[in-house]
Each structure stands twice: as C-alpha cells, then as structure tokens.
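Structure, as structure tokens:
Residue numbers (our numbering): 1172 to 1273.
Structure below.
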C-alpha cells in the first residue's frame, strides 16, 4: 500500500477549507458563548436571586431545580442542532474540499 504525500499548506489555503473553517469557527464560538453564559446563570442566579430560585413550582420542585434540569435539555438541543448544521453545511463543504484535493 503506497501512501501519498499530502500538501497540508495547499489545503489550508484552499478557499473551500477557509470557508469551512470560518463557518465552523463562527458557529462554535457563538454557541460556546451562549452555553457559557447559560451555564453560569445557575450559580449566579442562586447567589444573587435566591428568592426566585426558591419559588415552588410543583410540590418540592422549585425554579432552581427546573433551571438546572433545563441545562441538560439545552445542551442536547445544541448537540442536535450542531448535528443538523454539520450534516447540511460542514459535511458538504468537506466533501467538496476532499474532491478538490484528490
């Protein structure tokens, strides 16, 4: 089996790679900022608005518990949205890049 030498610098300068990198960076950076803020709202809210987090919603379940639980659903939603965008845009750009390189 012979291995081909891959010219990584030409791939890095390929317009399709530049577009793919730009789109992925913008997508991931935006969601990273959102998820960081959303994550830190729980301890900040519990520290600065304990009255709000103690409000009983259903039996012993309060707003704080619901907000903490919502973080799981938000992270799953972000993961599903990323999979959707990756299948639609990122994979298409990657296939085009691989076709250009070969």
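The C-beta atom is built at its ideal place from N, Cα and C for all residues, glycine as well. If you're wondering where the values come from, they're calculated on a predicted model, not measured in any experiment.
By the C-beta criterion, the stretch 1251-1270 is judged not to be in contact with the stretch 1212-1220, since fewer than 3 inter-stretch pairs fall below 8 Å.
Between residue 1210 and residue 1238, the alpha-carbon positions lie close to 10 Å from each other. Shortest Cα-Cα distance from residue 1257 to any of 1206, 1214, 1185 and 1199 involves 1199. Annotated as proximal: residue 1233 and residue 1224, with beta-carbon spacing under 9 Å. Going by DSSP, residue 1184 is part of the alpha helix (DSSP H) stretching over 1179-1184.
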